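Everything on this sheet refers to the single structure shown next.
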Amino acid sequence: MSSNRQSVMAANTLHELSNRNSNGKSLQKRPYVLALLTSHLIGMEPGLLYLQRLIHQPFIIRMAAEESLFEYFSKNKLIELTCNDDWIQSQQLLVNNQADIIFLPILSFSLAADILSLNEQRPYVRLILQSLLKGKKVVGLKLGIDPHHQLWRLEGMDQSSLHVKRKLHDQMAQLKAMGIQLIHEEDSIQPLKNNPTKKTIVTAETIRYLQQTGQQVINIREKAIITPLAHDLAKELKIELIID
Numbered sequence: 030m031s032s033n034r035q036s037v038m039a040a041n042t043l044h045e046l047s048n049r050n051s052n053g054k055s056l057q058k059r060p061y062v063l064a065l066l067t068s069h070l071i072g073m074e075p076g077l078l079y080l081q082r083l084i085h086q087p088f089i090i091r092m093a094a095e096e097s098l099f100e101y102f103s104k105n106k107l108i109e110l111t112c113n114d115d116w117i118q119s120q121q122l123l124v125n126n127q128a129d130i131i132f133l134p135i136l137s138f139s140l141a142a143d144i145l146s147l148n149e150q151r152p153y154v155r156l157i158l159q160s161l162l163k164g165k166k167v168v169g170l171k172l173g174i175d176p177h178h179q180l181w182r183l184e185g186m187d188q189s190s191l192h193v194k195r196k197l198h199d200q201m202a203q204l205k206a207m208g209i210q211l212i213h214e215e216d217s218i219q220p221l222k223n224n225p226t227k228k229t230i231v232t233a234e235t236i237r238y239l240q241q242t243g244q245q246v247i248n249i250r251e252k253a254i255i256t257p258l259a260h261d262l263a264k265e266l267k268i269e270l271i272i273d
């Protein structure tokens, strides 16, 4: 990032430290948006332009890119293209996911297909599914799988059969049914509503089930209620409870 442009990472860190030190008295916490970058046959420009505009919105924006992107772009080039120097390494994505909103600026064919097939072996998809299951917001630009978007015509990629177009439309409908919000590039990501959320109760049965699935670390929302039996059982089974 050029020296005459403010560091997004520095601004994000300063805001988080200010919130931490204010005890919630003066500053309103900005929603944390994690943008997951992929590539696409029709190009990346619309998604990159959207990300450039997004840093001026009242969010904390952090970036991540799949390893395959670094075969074509250096990290410095991606920082330049997104105007954002606050990046998370892909191997750290699942360690401590604190994001309030997952944003997919470039919804590629393979990413859409892997989400719909619940391919949790792909780190991006695992993170997206985890976020959906926790009730977090997942938003994507729809142009990546909208065969009638003008960009497809500009790229000469609007000549496919009706079957292909119908399949892409079906994918859009299925992604929406899963809870993923698909927006146009002129739309804004809406901040989280301040409506009271239903509290999660973690019981001993919950711990037993998770232990049977082989999980040794469990992320729990800050406002969740952990019963004493659940806490004791987790300690007995050496299962770590992380409050996020």
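Numbering-wise, the working numbering puts 267 at position 238 of the sequence shown, and it's gapless, one number per residue. Every residue gets a Cβ at the ideal spot worked out from N, C-alpha and C, and that includes glycine. Bear in mind the structure is a predicted one, so any value in this text is a computation, not a measurement.
Looking at the DSSP output, Tyr61 shares a beta bridge with Ile89. For the pair Ile144 and Ile157, the CB atoms are nearer than the 8 angstroms cut-off. Rounded to whole angstroms, the gap between the alpha carbons of Lys106 and Leu191 is 38 angstroms. If you draw a 10 Å sphere on the C-beta of Ser160, you find 16 or more other C-beta atoms in it, and that means buried.
Per DSSP, reduced to three states, the secondary structure at Gly173 is helical. The beta carbons of Leu239 and Ile247 sit closer together than 8 angstroms. When DSSP reads this structure, Phe132 sits in a beta bridge with Ala64 and Val168. Taking the Cα positions, Met201 is about 42 angstroms away from Lys267. In the structure shown, Gln210 falls within a strand segment according to DSSP collapsed to helix, strand and coil. Here Ser189 has Pro176 as same chain residues with Cβ atoms under 8 angstroms from its own Cβ, once five neighbours each way along the sequence are excluded.
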